[in-house]
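These notes are about the structure you will find just below.
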Amino acid sequence: MRPPGSVSPPASADRLYLVNAAGLPAFRPVFDALSTMGFYNISPTKIRELQAPDPGELLDREGTNLASVLDRLGRANPVVKQRIEEYLARVVPGIEGMGPIHVGHMETIEFRQRVVGAKEPWRFPAINMSDGTLRALAVLTALFQFGERKTARLIGIEEPETALHPAAAGLLLDCLREGARERQVVITTHSPDLLDSDTLAAEQLLAVSAVEGKTTIGPVDAPSRQALRDSLYRAGELLRLGQLEPDESSPSNAEQLDLFGPSP
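With positions in the sequence shown counted from 1, the corresponding number in this note's numbering is that position plus 4.
This is the structure in structure tokens:
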């Protein structure tokens, strides 16, 4: 390793060099790719709280700047915001629209929802909405926040189906597939309903097992692949039966690289 100050831009001994290296043309694409990746574990509780305004360029991990991201989309790319609203109305029937509103120096999200007997949609702030509605909105925003821009290379979402009605799983899968047309989308799930699709191929799946402290991630094993290819079972059905297991012979179970040297 070169000593601090021997490279340009200068390095600091107490922090990663990537931010400094972004000043070099050769490193800038790496920095841009890593800094625009989004990894999400959405928290409805955090979304219900009043949020401090920010530029809204990238939805944060728990969705705590969701109002700002929607505000940016409404101003800069209303077509994308309308697409999010249309998908949300399909996933959560009765929702007619939503948008950010200011509460003093803070902001939140206001939803417009049809109510039986009312001539106009009723308006509800985020604090009055269900976990499923807030999570669905945040997942849709994570998927479509960049519009047609190619800047984001990867979006990762942990259990996007949590708190949604099982009947909405198919619609959610459609949303995930549409988002994957523009960039790579990776999700984790325990939901057989989300995987209950005739068009979900074995090559799109990685299975996970944890036995005696060892976690294995890899392509689904050969019997499961064959069952999916022959249309004998859907992936969701195999998961319900406990038959969606990783292939132990997969080369993906390689030794982890020692990136930082031995522990002190």
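By construction, the Cβ of each residue, glycine as well, lies at the ideal position given by its N, Cα and C atoms.
Three-state secondary structure (DSSP) of Gln230: helix
Relative to the alpha-carbon of Asp202, which residue among Ala80, Leu242, Gly246 has its alpha-carbon at the smallest distance? Cα-wise, what sits closest to Asp202 is Leu242.
The beta strand (DSSP E) spanning Phe150 covers which residue range? Note, Phe150: premise wrong, no beta strand (DSSP E); not H, not E.
Can you tell me where the beta strand (DSSP E) holding Val189 begins and where it ends? 188 to 192
What is the C-beta distance between Pro250 and Ala226, in whole angstroms, given that I count them as a contact (C-beta under 8 Å)? At roughly 11 Å, the Cβ-Cβ gap does not stay under 8 Å, so Pro250 and Ala226 are not in contact.
As an exercise, report each continuous beta strand (DSSP E) stretch of at least 3 residues that is fully enclosed by the segment 16 to 80, in chain order. 42 to 44
Where Val143 and Val96 are concerned, what is the direct C-alpha to C-alpha distance, given to the nearest angstrom? 13 Å
Since Ala146 and Leu168 are thought to touch, with beta carbons under 8 Å apart, how far apart are those beta carbons, to the nearest angstrom? The Cβ separation is near 15 Å, so there is no contact.
Same chain, Cβ closer than 8 Å to Thr219, five either side skipped, listed in chain order: Val212, Ser213
Environment of Ile131 [buried if 16+ CB atoms lie within 10 Å]: Flag for Ile131 reads exposed.
Could you check which residue in Leu38, Leu204, Ile113, Gly67 has the C-alpha nearest to that of Glu89? Ile113
Could you name the residues of the same chain whose beta carbon sits closer than 6 Å to that of Leu180, not counting the 5 residues immediately before and after it, in chain order? The beta carbon of Leu180 lies closer than 6 Å to those of Val189 in the same chain, with the five residues before and after it left out.
For Gln149 and Val84, the rounded distance between their alpha carbons: 8 Å
Residues in the same chain with beta-carbon distance under 6 Å from Gly101, minus the five sequence neighbours each way, listed in chain order, please. Glu89, Arg116.
DSSP beta-bridge partners of Thr112: As computed with DSSP, Thr112 is found in a beta bridge with Ile105.
To the nearest angstrom, how far is it from the Cα of Gly222 to the Cα of Thr193? Put simply, the backbone Cα of Gly222 is about 15 Å away from that of Thr193.
For Arg118, I'd like the list of residues in its chain whose CB is within less than 7 Å of its CB, leaving aside the five on either flank, ordered along the chain. Leaving aside the five residues that flank Arg118 on each side, the residues in its chain whose CB is nearer than 7 Å to its CB run, in chain order, Gly98, Glu100, Pro125.
To the nearest angstrom, how far is the alpha carbon of Gly183 from that of Glu162? 15 Å
Could you round the C-beta distance between Arg244 and Pro196 to whole angstroms and report it? I think they count as a contact, below 8 Å. 5 Å
Environment of Gly60 [buried if 16+ CB atoms lie within 10 Å]: buried
Run of the alpha helix (DSSP H) containing Pro82, from where it starts to where it stops: Pro82 -> alpha helix (DSSP H) spans 82 to 95.
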